[in-house]
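Trainee:
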Amino acid sequence: MLWLLHGNLGSPADWKPVMDALRSNAIESRALNLWKYLECCPKSLPEMGRVLCSEIAAQDKHPHICGYSLGGRLAMHAVLAHPPLWKGAAFVSANPGLENEAEQAARRVADAEWAVKCLSAPWEDFLREWDTQGVFRGEEGRDRSLLKPWRRSISRAFIDWSVGAQADLAPSLKQSPVPQLWIAGERDSKFTALARRAAGNKAAIIPHAGHRIPLEAPEKLAECLQQLITATYE
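Residue numbers (the working numbering): 3 to 236.
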């Protein structure tokens with residue numbers, strides 16, 4: 003089974019086109035709703051990694067995991083929390099961490115501001131401002147009205163799961179025995195550079211895609227994931 007983790011301001015539904023493409027090639031997958039994990043209480047990134055390992059191991063003895071953006075960072079923590087569990091991992095448009103404390107501190111401040119806006123601003127205004135960020139430039143938004151009931155958890159995620167609250171995982175991931183696939187969109191220069199820094203020429207760069215690969219290039223993404231799964235079962 004391939005377990006799928008959505009991005010910030012995302013939902014399991016974002017994966018449906020990818021899941022449909024995978025199913026046509028006899029690969030079963032399941033998308034988790036990450037917001038439910040913050041309903042009761044705060045959870046740090048390392049703690050969430052352990053929770054994912056425990057929950058998935060109870061249902062699947064030989065899992066693969068794939069996370070997009072925020073979900074990619076959570077997938078990294080799961081892979082590092084218990085390497086023997088995982089057959090393979092894919093990180094899509096995902097940041098392994100910031101390299102210095104000043105950057106981390108600045109990001110925590112910025113994400114705290116987003117957390118406040120998430121709770122206090124009109125929902126559509128908040129989404130509109132989120133989508134104007136440079137990383138999403140030229141990409142269409144989507145209907146996220148169904149996420150509004152989860153806004154408290156989403157706000158919490160800006161604090162608990164901020165990349166500013168994350169250690170630089172790149173060195174640990176390089177040492178990990180878990181097979182990894184790093185994926186980025188060709189038009190997303192920042193995350194293309196991060197993927198190549200992590201995986202060199204083995205990084206999968208999807209042509210004509212930007213940051214939101216699961217929505218922009220689901221069939222190409224499914225092809226990459228199928229290759230990872232096939233390679234780790236050979």
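Backbone N, C-alpha and C define an ideal beta-carbon position, used for all residues, glycine too. From a predicted model like this one, the values you see are computed outputs, not experimental measurements.
Taking all protein chains shown into account, decide if Arg154 is buried (16 or more other Cβ within 10 angstroms of its Cβ) or exposed.
Mentor: Exposed, because fewer than 16 other Cβ atoms sit within 10 Å of the Cβ of Arg154.
Trainee: Three-state secondary structure (DSSP) at Ser174?
Mentor: Correct three-state label for Ser174: helix.
Trainee: To which residues does DSSP link His66 through a beta bridge?
Mentor: According to DSSP, His66 bridges with Leu4, Gly90.
Trainee: Can you check DSSP and say which residues form a bridge with Gln229?
Mentor: DSSP lists no partner for Gln229.
Trainee: Helix, strand or coil: how does DSSP classify Leu11 here?
Mentor: Coil.
Trainee: Which residues share a DSSP beta bridge with Ser31?
Mentor: For Ser31, which the question treats as bridged, DSSP gives the partners Leu4.
Trainee: Does Ala238 pass the burial test, meaning 16 or more other C-beta atoms within 10 Å, or should it be called exposed?
Mentor: One cannot answer for residue 238 here, as it falls past the ends of the chain, which runs 3 to 236.
Trainee: At the level of alpha carbons, what is the spacing between Lys192 and Gly166?
Mentor: For Lys192 and Gly166, the distance between alpha carbons rounds to 17 Å.
Trainee: What's the C-alpha gap between Glu126 and Gln177?
Mentor: Taking the straight line joining both Cα atoms gives about 43 Å.
Trainee: Alpha carbon to alpha carbon, what distance is there between Thr232 and Pro86?
Mentor: One C-alpha to the other measures close to 18 Å.
Trainee: If we count the other Cβ atoms within 10 Å of its Cβ and call it buried at 16 or more, is Glu218 buried or exposed?
Mentor: Glu218 comes out buried.
Trainee: Could you please give the first and the last residue of the uninterrupted alpha helix (DSSP H) stretch that includes Ala159?
Mentor: Its alpha helix (DSSP H) spans residues 153-162.
Trainee: DSSP on Leu223, reduced to helix/strand/coil?
Mentor: Helix at Leu223.
Trainee: Should Gly99 and Ala172 be called a contact, given that it needs their Cβ atoms to be closer than 8 Å?
Mentor: It is a contact, given that the beta carbons lie within the stated cut-off.
Trainee: Are there 16 or more other CB atoms within 10 angstroms of the CB of Asn203, so buried, or fewer, so exposed?
Mentor: It counts as exposed.
Trainee: Report the rounded CA-to-CA distance for Pro179 versus Gln229, giving the unit in angstroms.
Mentor: In a straight line, the C-alpha of Pro179 is about 18 Å away from that of Gln229.
Trainee: Can you tell me whether Gly212 is helix, strand or coil according to DSSP?
Mentor: Looking at Gly212 - three-state DSSP - the assignment turns out to be coil, as it is neither helix nor strand.
Trainee: Does chain E have any CB closer than 8 Å to the CB of Tyr70?
Mentor: This model lacks chain E altogether; it includes just one protein chain.
Trainee: The beta strand (DSSP E) with Leu183 in it runs from where to where?
Mentor: Start and end: 182-187.
Trainee: Take the Cβ of Asn97 as the centre, count every other Cβ of all protein chains shown within 10 Å, and call the residue buried at 16 or more, exposed below.
Mentor: With 16 or more Cβ atoms within 10 Å of its Cβ, Asn97 is classed as buried.
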